[in-house]
Amino acid sequence: LGMRRPDLSLPGFGTVDMFSTVHFYYFVVVIGVLCILYCWFFTKTPLGRVNECMRENEGRTGFIGYNTYGTRLLVFVMSAFFCSVGGALASSFQEFVSTTMINLEKGGDFLFLAFVGGRGVFWGPILGAFFLTYLNDALSSLTEHWAIIQGAIFIVLVMYAPDGLAGFILRTKNWVLERINIGKG
């Protein structure tokens, strides 16, 4: 006996049947966009700026007077919240939770997505998630040895785009803009 998704009651819209895959899809999209927007606005707050400063040099951040332990704790709690939102949405989608949802491979997948997309840019991990989801879907429909091809693409990314797809896109954009400016000058 699985978990049944409860219906969603919205003022002005009545009751929305969340058992419908389309309704649940749009619910997940809205929740995902809200979480991304919150994270984007968080990076613009003083606490978000301190977090970015700690990413670059934690020792220097502590030396200039910021509480690095408290900042790390708050960011860890926020990341745990977003992980719980993702877990709640995943378990609601599958309507079943088993121990296979909690393993080291799932955590490694998220690190893999962040690395492929680019960790230094806000939208890098989002780009990595879209890219790898599309790549896995396309390759798995072509061959059963899709993991080998994905591994080769990962090796090429490590060698030629160590800052991820987002960094590669930004470097390419800057290179093109330099060439355009050289042509004008």
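Residue numbers (my numbering): 97 to 281.
We put the CB at the ideal spot given by N, CA and C, even for glycine.
Residue(s) in a DSSP beta bridge with residue i
i    : result
T111 : S105
Cutoff 8 Å: residue i Cβ touching any chain B Cβ
i    : result
F159 : The question asks about chain B, but that chain is absent: this structure has only one protein chain.
Distance, residue j Cα to residue i Cα
i    : j    : result
N147 : T167 : 7 Å
G204 : F211 : 10 Å
G247 : L235 : 12 Å
V193 : V171 : 27 Å
Y256 : V124 : 34 Å
L238 : A225 : 20 Å
W271 : Y230 : 27 Å
L104 : R267 : 45 Å
K269 : R100 : 47 Å
N102 : V254 : Contrary to the premise, residue 102 reads as Pro rather than Asn in this sequence. So the two alpha carbons sit approximately 44 Å from each other.
K140 : F177 : 19 Å
Proximity to residue i [Cα-Cα], best of the options
i    : options                   : result
I198 : F211, C179, F208 and L209 : C179
F264 : G214, L133 and G204       : G214
F218 : A234, R151 and L253       : R151
C135 : I222, Q190, T111 and I160 : I222
F189 : G155, G216, H241 and F115 : F115
F206 : D233, S175 and V112       : S175
Delimiting residues of the alpha helix (DSSP H) encompassing residue i
i    : result
H241 : From DSSP, H241 is part of no alpha helix (DSSP H); its letter is neither H nor E.
E201 : L200 to G213
T141 : Where T141 is concerned, there is no enclosing alpha helix (DSSP H), given that its DSSP letter is neither H nor E.
G182 : T164 to Q190
Status (buried if at least 16 other CB within 10 Å, exposed otherwise) for residue i
i    : result
L273 : exposed
A262 : buried
Y162 : buried
Y121 : exposed
G260 : buried
P142 : exposed
G220 : buried
T157 : buried
T228 : Strictly speaking, residue 228 in this sequence is Leu, with Thr absent from that position. That one is buried.
L209 : buried
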